[in-house]
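Chains A and B, in that order, are what the protein sequence lines are. In terms of our numbering, the first sequence opens at residue 77 and continues consecutively. In terms of our numbering, the second sequence opens at residue 7 and continues consecutively. The beta-carbon is built from N, C-alpha and C at its ideal position, and this holds for glycine as well. Step one of this worksheet: look at the structure below.
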Amino acid sequence: MSEFIGTLNNTVSSIREAINIGHREFLDVLKLTQKDYLRIINGLDDYSIENIYELSEHFDLSLDNLVTGKVDYRALARQCNGDLKAMPEKYSDERLNFGRARTIIGVEKYISRVCGENVSKMIFRKLQVNRLSFDDPDERVNTHFMMDLFKECVDEGLDPIHLVEMGKASLSVNKNTIVGKTLSAARTPKELFEILHGTLLGAHYDNGFDYKIHELKNDSMVLHIERLKDAHEIMGVPTIGNRQLCLYKQGAYGSFICNLNIPYPTVVESQCVYLGHPKCVYHISWDHRTLVC
Amino acid sequence: MQGTPLFYNLGQNLRKIRVATGLTQTNISINTGIDQARLSKLENGKDITLDTSQMYSLSQYFGISIDNLISGRINFNKVSKKLGLELQLPKNMLDLQYSTVRVLLPYINYLDSTYGTKYTDLIFKHLKVERHYFVDPNQPISVHICMEFSQFCLERRLVDEKSYNDFSKFIYIKNTQGSLFDLYNSQTSPLSVVNLFASSSSKYASNFINKIEDYNSNQFEVSITPNTHMEEVKYKAYEVPDFLCRYLKSYLETLVRHSCGGMISIEEPECHYHKGADKCVYKIRVA
């Protein structure tokens with residue numbers, strides 16, 4: 077028996093043990109007869125990709141993770157028992173929960189809308205995370221998960237334009253939340269950014285970075301984003317996040333001003349930590365003129 | 007077992023990869039260990055299944071995930087790079103790959119709907135390219151393909167001035183815009199549509215630089231400037247740049263009209279092709 081077949085057989089058996097399902101019921105999921113199953117476990121035959129496809133659909137697992145044995149059985153067991161928020165071990169260290177679910181909600185909605193629900197399903201399956209389990213935008217989210225999610229988006233062909241657009245789309249996620257409502261009440265863009273940096277960012281956004289207004293005028297601002305030392309020491313990496321996450325941030329930060337019904341501003345990125353600079357620097361300028369609606 | 011939908015899709019996707027990369031079933035068979043006769047049956051949707059290790063071999067060989075191999079979300083460029091193969095295009099079509107399939111799709115859809123797919127296939131045959139190549143809107147293609155495609159159609163009077171209106175039916179559809187379609191749909195004003203058009207110009211063709219020159223409450227000015235490499239493109243007939251110019255105008259007009267319910271007027275005070283200017287400038291007024 078090849079190593080590949082051995083791994084696959086172990087994966088299938090481990091899934092059955094983890095979810096504690098009856099033998100007959102498990103064979104029904106696989107669409108296998110008892111006779112065929114015995115041939116496989118005795119090394120006389122292999123699982124067809126159809127059997128594995130059935131398993132993948134039933135347990136919401138990626139085909140690639142199944143055939144390479146990259147399944148987190150504990151998370152699977154919890155998910156099968158109704159804990160839809162169960163995360164794989166690698167995303168379970170709560171000390172690394174620097175992100176917020178508002179990002180995940182926005183990204184999922186964007187992928188579903190732009191690429192289709194099947195693609196969203198495929199991406200989240202690969203990470204073994206239930207894509208519909210995020211309902212509270214303020215819920216803390218593991219940073220490694222966010223980074224992997226953005227990497228998967230890129231693998232699926234979503235390029236930098238899309239990542240910035242994903243960020244822009246966060247406007248709709250925030251619309252009926254305290255963030256959207258508070259920002260909408262501001263009278264001027266200047267006031268909006270003062271409110272944002274006064275209380276909202278710290279309480280509702282990621283805690284891995286320090287967002288500082290370097291300059292704030294009536295029609296423009298310069299934003300500096302620096303890594304928080306504590307955060308990246310805990311992560312054990314020199315930089316938290318990745319370039320994709322940064323592009324998303326660009327879009328999301330620019331969208332704040334749209335709460336005042338001002339069109340999306342011009343955001344120019346002059347520095348980025350993921351491009352070797354000490355911090356990220358954005359120059360944001362907006363226009364008050366009434367636009368065609 | 008009779009070919010199931012799962013294997014039918016897989017067979018079709020396998021064929022697409024083969025045609026796009028120029029691989030033979032024998033090449034795949036040698037590199038994956040899957041019997042050639044089996045691959046043939048799979049492509050023809052006949053009485054076949056694959057075991058998991060064979061499926062894994064295919065995905066490893068092509069450098070794409072099993073999920074994508076089955077769902078058909080295949081990045082042909084990525085596959086051809088992994089295999090070290092050129093995508094199957096005639097040599098003259100590999101130069102100046104600055105356009106994308108997105109630009110030609112309205113054209114192809116128009117021809118399909120007007121003359122039937124068999125006729126369009128004849129055009130592809132004449133240009134020595136495969137139709138499979140013209141599926142992914144983001145796929146880069148040579149400027150020459152666009153030019154030769156236009157020239158072929160113009161010479162045979164398959165398109166004329168009346169065709170522009172019909173083209174527009176195929177511009178603002180998901181099939182043409184792909185992932186950009188919903189982005190356009192989510193824009194809230196004509197200006198934001200034009201802004202998206204300008205900022206995503208590389209999604210159409212880096213033959214041109216699109217820029218918003220000015221705007222106010224109900225009109226804006228957009229410029230389309232040919233990139234330097236366009237100097238290398240020699241038009242064989244005057245009709246081609248003329249057509250291209252009208253096509254660009256129609257493309258822009260259609261996108262803006264959809265964002266504001268149809269009430270727009272568009273003028274072209276400067277034109278690179280007709281008035282010898284450095285760029286084409288469009289003044290768009292929204293009622």
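Since A153 (chain A) and I95 (chain A) are thought to touch, with beta carbons under 8 Å apart, how far apart are those beta carbons, to the nearest angstrom? 6 Å
Assigned exposure category for G69 (chain B) - 16 Cβ within 10 Å defines buried: exposed
Backbone CA spacing between E219 (chain B) and L202 (chain B) [nearest angstrom]: 14 Å
Scan the region 86–147 of chain B and note each continuous alpha helix (DSSP H) run of 4 residues or more that stays entirely inside, going in chain order. 107–121, 123–133
Minimum Cβ-Cβ distance from I72 (chain B) to chain A less than 8 Å: Chain A, which has a Cβ nearer than 8 Å to the Cβ of I72 (chain B), makes this yes.
Rounded straight-line distance, which links the Cα of D57 (chain B) to that of D122 (chain A): 6 Å
So, I181 (chain A) versus V249 (chain A), is the Cβ gap smaller than 8 Å? yes
Among B:A204, B:F13, B:S256, which one has its Cα closest to the Cα of L75 (chain B)? B:F13
Shorter than 8 Å from the beta carbon of F203 (chain B) to some beta carbon of chain A? no
8 Å Cβ cutoff, L178 (chain B) in contact with chain A: One point to set straight first is that residue 178 (chain B) is Tyr, not Leu, in the sequence displayed. No, no contact with chain A.
Of the listed residues A:K111, A:N252, A:M198, nearest to S138 (chain A) (C-alpha basis): A:M198
Under 8 Å by beta carbon: chain B residues contacting Y129 (chain A): L12, I76
Measuring alpha carbon to alpha carbon, tell me which of A:Y358, A:R216, A:R189, A:F226 ends up nearest K202 (chain A). A:F226
How is I232 (chain B) classed by DSSP in three states: helix, strand or coil? What sits at residue 232 (chain B) in the sequence shown is Pro, not Ile. If DSSP states are grouped into helix, strand and coil, P232 (chain B) belongs with the strands.
Short of 7 Å in beta carbon distance, which residues of its chain neighbour L276 (chain A), apart from the five on each side in sequence? Order them along the chain. So the list reads V255, T258, once near-sequence residues are dropped.
On the DSSP letters alone, give me the boundaries of the beta strand (DSSP E) that N216 (chain B) sits inside. For N216 (chain B), the enclosing beta strand (DSSP E) covers residues 214–221.
Own chain partners of I81 (chain A) with C-beta closer than 7 Å, once the 5 adjacent residues on each side are dropped: D122
Identify each residue in the region 44–63 of chain B for which the Cβ-Cβ distance to at least one residue of chain A is less than 7 Å, and report them in chain order. T55, L56, D57, T58, S59, M61, Y62
Buried versus exposed, by CB contacts within 10 Å (16 or more), H132 (chain B): exposed
Between the region 180–191 of chain B and chain A, which residues of the former have CB atoms less than 7 Å from a CB of the latter, in chain order? For the region 180–191 of chain B, the beta-carbon criterion of a distance under 7 Å to any beta-carbon of chain A is satisfied by S185, D188, L189.
V298 (chain A) - DSSP class collapsed to helix/strand/coil: strand
Here's a check: name, in chain order, each residue in its chain whose Cβ is nearer than 6 Å to the Cβ of Y178 (chain B), leaving out the five neighbours to either side. Listed in chain order, the non-local C-beta contacts of Y178 (chain B) below 6 Å within the same chain comprise T260, H264, local neighbours out to five positions each way being set aside.
Give me the Cα-Cα distance between R150 (chain A) and Y125 (chain B), rounded to the nearest whole angstrom. In a straight line, the C-alpha of R150 (chain A) is about 57 Å away from that of Y125 (chain B).
Do the CB positions of F187 (chain B) and D142 (chain B) come within less than 8 Å of each other? no
Taking the alpha-carbon of I147 (chain B) as reference, which of B:N213, B:L164, B:T234 has the nearest alpha-carbon? B:N213
Through-space distance from T106 (chain B) to Q66 (chain B), alpha-carbon basis: 28 Å
Out of A:L351, A:R303, A:L304, A:E270, which has the shortest C-alpha to C-alpha gap to K293 (chain A)? A:E270
Does the region 217–237 of chain B come into contact with the region 161–180 of chain B, if we say contact requires no fewer than three beta-carbon pairs (one atom in each stretch) closer than 8 Å? no
Work out the CA separation of V147 (chain A) and N141 (chain A) for me, nearest whole Å. 6 Å
To the nearest angstrom, report how far apart G183 (chain A) and G243 (chain A) are at their CA atoms. The question names Gly, but residue 183 (chain A) in the sequence shown is Val. Cα to Cα, the separation comes out at about 8 Å.
Which residues of chain B have a Cβ atom closer than 8 Å to the Cβ of D140 (chain A), listed in chain order? Those within 8 Å of D140 (chain A) in chain B are S65, S71, I72, D73.
Could you tell me which residues DSSP pairs with I360 (chain A) in its beta bridges? A:M297, A:V343
Run down chain A in chain order and give the residues with a C-beta less than 8 Å from the C-beta of S206 (chain B). I237
Same chain only: Cβ atoms within 6 Å of T366 (chain A), ignoring 5 sequence neighbours per side: Note that T366 (chain A) has pLDDT 38, beneath the 50 cutoff, so the model's placement of it is unreliable and the number below is only indicative. Taking T366 (chain A) as the centre and dropping the five residues before and after it, the same chain places no C-beta closer than 6 Å to its C-beta.
Under 8 Å, CB to CB, which of the residues in the region 331–347 of chain A have a partner in chain B? P339, Y340
Can you say whether V368 (chain A) is buried or exposed, counting buried as having 16 or more other CB atoms within 10 angstroms of its CB? Interpretation of V368 (chain A) is limited by its pLDDT of 35, a score under 50 that renders its predicted location unreliable; the figure taken from the coordinates is listed afterwards. Burial call: buried.
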